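*Asks:* From first to last, the protein sequence lines are chains A and B.
Position one of the first sequence corresponds to residue 1 (full-length UniProt numbering), numbered consecutively onward.
Position one of the second sequence corresponds to residue 1 (full-length UniProt numbering), numbered consecutively onward.
Where a beta carbon is used, it is the ideal one built from N, C-alpha and C, also for glycine.
Please read all numbers here as calculations on a predicted model, not as lab measurements.
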Amino acid sequence: MRGPRSIEIWKMGAVNYLEALKLQEKLASDRKTHKIKDTSLSLQHPPTFTLGKRRTVHNVLVSEAELKAMGAELHYTERGGDATFHGPHQAILYPIISLRDIGIGARKYVENLESTMIELASLYGVKARAGETGETGVWVGRRKIGAIGVRISSGVTSHGLAFNIDPDLNYFKHIVPCGIPDKEVTSLQKEVGLGQKLPSEQVIHEQLVSCFTKIFGYTDITWRDKTSVSSDGHE
Amino acid sequence: MALRMWASSTANALRLSTCASKSPAFRAFSTVLDDLKYASSHEWVKHDGHVATIGITDHAQDHLGELVFVELPEPGKEVKQGTGFGAVESVKATSDVNSPISGEVIEINSKLADSPGLINTSPYEEGWMIKVKPSNPSDLANLMGSKDYIKFCEEEDAAAH
Numbered sequence: 001m002r003g004p005r006s007i008e009i010w011k012m013g014a015v016n017y018l019e020a021l022k023l024q025e026k027l028a029s030d031r032k033t034h035k036i037k038d039t040s041l042s043l044q045h046p047p048t049f050t051l052g053k054r055r056t057v058h059n060v061l062v063s064e065a066e067l068k069a070m071g072a073e074l075h076y077t078e079r080g081g082d083a084t085f086h087g088p089h090q091a092i093l094y095p096i097i098s099l100r101d102i103g104i105g106a107r108k109y110v111e112n113l114e115s116t117m118i119e120l121a122s123l124y125g126v127k128a129r130a131g132e133t134g135e136t137g138v139w140v141g142r143r144k145i146g147a148i149g150v151r152i153s154s155g156v157t158s159h160g161l162a163f164n165i166d167p168d169l170n171y172f173k174h175i176v177p178c179g180i181p182d183k184e185v186t187s188l189q190k191e192v193g194l195g196q197k198l199p200s201e202q203v204i205h206e207q208l209v210s211c212f213t214k215i216f217g218y219t220d221i222t223w224r225d226k227t228s229v230s231s232d233g234h235e
Numbered sequence: 001m002a003l004r005m006w007a008s009s010t011a012n013a014l015r016l017s018t019c020a021s022k023s024p025a026f027r028a029f030s031t032v033l034d035d036l037k038y039a040s041s042h043e044w045v046k047h048d049g050h051v052a053t054i055g056i057t058d059h060a061q062d063h064l065g066e067l068v069f070v071e072l073p074e075p076g077k078e079v080k081q082g083t084g085f086g087a088v089e090s091v092k093a094t095s096d097v098n099s100p101i102s103g104e105v106i107e108i109n110s111k112l113a114d115s116p117g118l119i120n121t122s123p124y125e126e127g128w129m130i131k132v133k134p135s136n137p138s139d140l141a142n143l144m145g146s147k148d149y150i151k152f153c154e155e156e157d158a159a160a161h
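Right, here's the structure in full:
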């Protein structure tokens, strides 16, 4: 008989991309050696463009200098997936969990991340769906509302998902988002209608976490307020 | 023997000993080969004395999904039992691949650069990843035989339910 599944959720507010990356590396290492239990970071980033392991630089349409001039950073990562943008008003979840302990592989894990965002969208009456083969992510019609890019090392995950609440969609014009040229990017605000007022972002971040814990079967959830945590995990 | 569509855990008990290339639609069960050794991170090794061939198992490729990218080391690189030598990407997820034994990489499967899906369609044959000159024969003692590996996969999958 399986015991309750436990997870610790770190509410972090706005975090610089590299700081979040260093923190994930430390947490993933600690999770592999069983020093900590499953943990997930809930946060948002300042304007940041990122590329995955395949280094698809051709999908970034402006130079690094131009990106810097618009106040954005560019980072190369080891995650799967293509070019993407992270910024204010986009809810990010970085689960650092052991897939071996819950008996699932990459494919099922990513399906569950898609289901998490689909469920969140449905709370607002927005009918989203998972992408077709080769188009991992969450779509409303031909418009992408949620992106996924994951790294799995010794069965432990890092990076994760990004759900567009109401980011400045103009930033996405500077990349071919996720390497798919002829589809749009959208947001929850755009899909419910620009006249509709959404609840505070804190509420939406919490709802995203609740959808995640429900889909992954976590029953023992601890919330930690980490809004002033540095990359080494100390406050 | 007639091939039937079975769920993975039931079919694994059959321990089918051939793995001719089959079309993806037909693969409703995970194959495990008797003459290979297996690591708990789902890699296999075929030891031929001076050369060992390494890849990921049918169970692994099934749980990963369709591969779009494979990263392999350069020949000459040292690999160590239990540590990463490369990575694969599927469904926007990169997964590290660990070496089941220690040794020196002598050959890599260059077909995987253009055809990463060979690992999905033929994980034990055309989808081999690296060939290694083994440096430590006792490494094999730390690995599982086919019977133990089947049981291991069943237990791991059962954790999901």
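Report yes or no: is there a C-beta of chain B within less than 8 Å of the C-beta of valine 110/A?
*Replies:* yes
*Asks:* Across the segment 100 to 111 of chain A and the segment 57 to 76 of chain A, are there enough close Cβ pairs to call them in contact, namely three or more that are closer than 8 Å?
*Replies:* no
*Asks:* I need the DSSP call for phenylalanine 85/A, collapsed to helix, strand or coil.
*Replies:* strand
*Asks:* Does chain B have any CB closer than 8 Å to the CB of residue 319/A?
*Replies:* No statement about residue 319/A is possible, as the shown extent of chain A runs from 1 to 235 and does not include it.
*Asks:* Among Glu132/A, Thr48/A, Val192/A and Arg224/A, which one has its Cα closest to the Cα of histidine 74/A?
*Replies:* It should be pointed out that residue 74/A corresponds to leucine in this sequence rather than to histidine. Of the listed residues, the one whose Cα sits closest to leucine 74/A is Thr48/A.
*Asks:* Any idea what DSSP makes of phenylalanine 163/A, helix, strand or coil?
*Replies:* strand
*Asks:* Answer yes or no: does any C-beta atom of chain A fall closer than 8 Å to that of alanine 39/B?
*Replies:* no
*Asks:* Can you list the alpha helix (DSSP H) stretches of 4 or more residues lying completely in the segment 55 to 91 of chain B, in chain order?
*Replies:* As far as the segment 55 to 91 of chain B is concerned, its whole alpha helix (DSSP H) runs of at least 4 residues are 58 to 64.
*Asks:* Between proline 134/B and glycine 103/B, how many whole angstroms is the CB-CB distance? I'm expecting something under 8 Å.
*Replies:* 4 Å
*Asks:* Could you tell me if arginine 224/A is buried or exposed, where buried requires 16 or more neighbouring beta carbons within 10 angstroms of its beta carbon?
*Replies:* exposed
*Asks:* Among Tyr76/A, Ile36/A and Ala28/A, which has the Cα closest to the Cα of tyrosine 94/A?
*Replies:* Ala28/A
*Asks:* Using the three-state DSSP reduction, which class does serine 122/B fall into: helix, strand or coil?
*Replies:* coil
*Asks:* Can you tell me whether threonine 53/B is helix, strand or coil according to DSSP?
*Replies:* strand
*Asks:* With H, G and I counted as helix, E and B as strand and the rest as coil, what does DSSP make of arginine 91/A?
*Replies:* What sits at residue 91/A in the sequence shown is alanine, not arginine. Of the three classes helix, strand and coil, the one that applies to alanine 91/A here is strand, per DSSP.
*Asks:* Counting beta carbon pairs with one atom in the segment 118 to 136 of chain B and one in the segment 165 to 180 of chain A, are three or more of them shorter than 8 Å?
*Replies:* no
*Asks:* So, are the CB atoms of threonine 116/A and leucine 161/A less than 8 Å apart?
*Replies:* yes
*Asks:* Looking at C-alpha atoms only, which residue of Val132/B, Tyr38/B and Gly55/B is the closest neighbour of residue 178/B?
*Replies:* For residue 178/B there is no data in the structure shown, the boundaries of chain B being 1 and 161.
*Asks:* How long is the line joining the alpha carbons of leucine 41/A and valine 62/A, rounded to whole angstroms?
*Replies:* 30 Å
*Asks:* Classify alanine 158/B as buried or exposed, calling it buried when 16 or more other Cβ atoms lie within 10 Å of its own Cβ.
*Replies:* exposed
*Asks:* What residues in its chain sit with their C-beta under 7 Å from that of serine 153/A, if we drop five residues either side in the sequence?
*Replies:* For serine 153/A, same chain residues with a beta-carbon under 7 Å away, outside a window of 5 residues either side, are Ala28 in chain order.
*Asks:* Using beta carbons (cut-off 8 Å, strictly below), is lysine 214/A in contact with chain B?
*Replies:* no
*Asks:* Compare the C-beta of histidine 63/B with all C-beta atoms of chain A and state if any pair is closer than 8 Å.
*Replies:* yes
*Asks:* Can you give the beta carbon distance from isoleucine 92/A to glutamine 44/A, rounded, assuming they're within the 8 Å contact cut?
*Replies:* 6 Å
*Asks:* Assuming valine 83/A and isoleucine 175/A form a contact by the criterion Cβ under 8 Å, report the distance between their Cβ atoms to the nearest whole angstrom.
*Replies:* Residue identity differs from the one stated: residue 83/A is alanine in this sequence, not valine. The pair is a contact, with the Cβ atoms about 4 Å apart (cut-off 8 Å).
*Asks:* Locate the beta strand (DSSP E) running through leucine 123/A, then write down its first and last residues.
*Replies:* That residue, leucine 123/A, is in no beta strand (DSSP E); it is neither H nor E in DSSP.
*Asks:* State the Cα-Cα distance for the pair alanine 160/B and cysteine 153/B, rounded to the nearest angstrom.
*Replies:* Annotation: alanine 160/B to cysteine 153/B spans about 12 Å, alpha carbon to alpha carbon.
*Asks:* Can you tell which of Thr77/A, Phe85/A, Pro199/A and Lys226/A has the C-alpha that lies nearest to the C-alpha of threonine 94/B?
*Replies:* The candidate whose alpha carbon is nearest that of threonine 94/B is Thr77/A.
*Asks:* Where DSSP assigns a beta bridge to aspartate 168/A, which residues make up the other side?
*Replies:* In the DSSP output, where bridge partners are listed per residue, aspartate 168/A has none listed.
*Asks:* In whole angstroms, what separates the C-alpha of serine 21/B from that of leucine 112/B?
*Replies:* With a pLDDT of only 35 at serine 21/B, under the threshold of 50, the placement of this residue in the model should not be trusted; the figure read from the coordinates follows. Near 16 Å, if we compare the C-alpha coordinates of leucine 112/B and serine 21/B.
*Asks:* According to DSSP, tyrosine 38/B sits in a beta bridge with which residue or residues?
*Replies:* As DSSP reads the structure, tyrosine 38/B sits in a beta bridge with Trp44/B and Met144/B.
*Asks:* Along the segment 162 to 181 of chain A, where does the CB come closer than 7 Å to a CB of chain B? Name the residues.
*Replies:* none
*Asks:* Would you say serine 90/B reaches chain A, if we count a Cβ-Cβ gap shorter than 8 Å as a contact?
*Replies:* Yes, serine 90/B lies at the interface with chain A (some Cβ there is under 8 Å from its Cβ).
*Asks:* Here's the rule I'm using: 16 or more other beta-carbon atoms within 10 Å means buried, otherwise exposed. How should lysine 144/A be labelled?
*Replies:* buried
*Asks:* Closer than 8 Å, CB to CB, is aspartate 157/B near chain A or not?
*Replies:* yes
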